[in-house]
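Trainee:
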Amino acid sequence: MSNITYIKDGQDNKNQLIIDGDQVDATDYSVASNIHAIQWNGSKGEIEYNDGTPNKEITDISSFDLETKHATEKKANADAEAKAISDAEANMTYADKRSAEYPSIEDQLDDIYHNGVDGWKATIKTVKDKYPKE
């Protein structure tokens, strides 16, 4: 389970949500108006109130749905990023793809020094075979 910190009306008068170290946009997350903060360490936590109610230890955070919403958003973002990369790669020529994958000139020279020209050719051939001329 995740480590979660939710602070209502935190810094800059905005709600803050941090899940496993990632600052998350807390715009779509809301909790009861008398809750100031929720701390969760993966298996237990505490709710802090802003109306004088004593803090409450909790053993379940699922009712706040913070983790599920974050996981859904994170997956959607990852899917969108993967699609953007895939779309960009689809528009690349074989030469672009080769250039992006070839080792740097320094690494190629080092390869020649340590493995000879035949070793270097084998390294380059792997890339050429992966991205044949169109």
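Residue numbering for the sequence shown follows numbering that gives the first Met the number 0, beginning at 0 and increasing consecutively. Glycine is no exception: its CB is placed at the ideal position from the N, C-alpha and C atoms.
1) Exposed or buried, what is Lys7 when buried is set at 16 or more other beta-carbons lying within 10 Å of its beta-carbon?
2) My understanding is that Asp59 touches Asn33, with C-beta atoms under 8 Å, so please give their C-beta distance in whole angstroms.
3) Considering Gly44, what are the terminal residues of the beta strand (DSSP E) in which it resides?
4) Ends of the alpha helix (DSSP H) at Lys68?
5) Quick one: grab the DSSP three-state call for Glu56.
6) I need the DSSP call for Asp95, collapsed to helix, strand or coil.
7) I want to know whether the segment 17-26 touches the segment 61-70 - three or more CB-CB distances under 8 Å.
8) Per DSSP, which residues does Ala36 bridge with? Please list them.
9) Assign Leu65 to buried or exposed, taking buried as 16 or more other Cβ atoms, counted over all protein chains shown, within 10 Å of its Cβ.
10) Can you tell me where the beta strand (DSSP E) with Asp106 in it begins and where it stops?
11) So who's on the other strand from Val30, going by DSSP bridges?
12) Take Glu56 and list the residues in its own chain whose beta-carbon comes closer than 6 Å to its own, dropping the five residues that flank it on each side.
Mentor: So, from the listed chains and residues:
1) buried
2) Going by Cβ atoms, the distance from Asp59 to Asn33 rounds to 19 Å, so no, they are not a contact pair.
3) 44-48
4) 65-89
5) Strand at Glu56.
6) In the structure shown, the three-state DSSP call for Asp95 is helix.
7) yes
8) Ile6, Glu47
9) buried
10) No beta strand (DSSP E) holds Asp106; the alpha helix (DSSP H) holding it covers 104-129.
11) Paired residues: none, contrary to the question.
12) Apart from sequence neighbours up to five positions away, the residues of its chain that approach Glu56 with a beta-carbon distance below 6 Å are Glu45, ordered along the chain.
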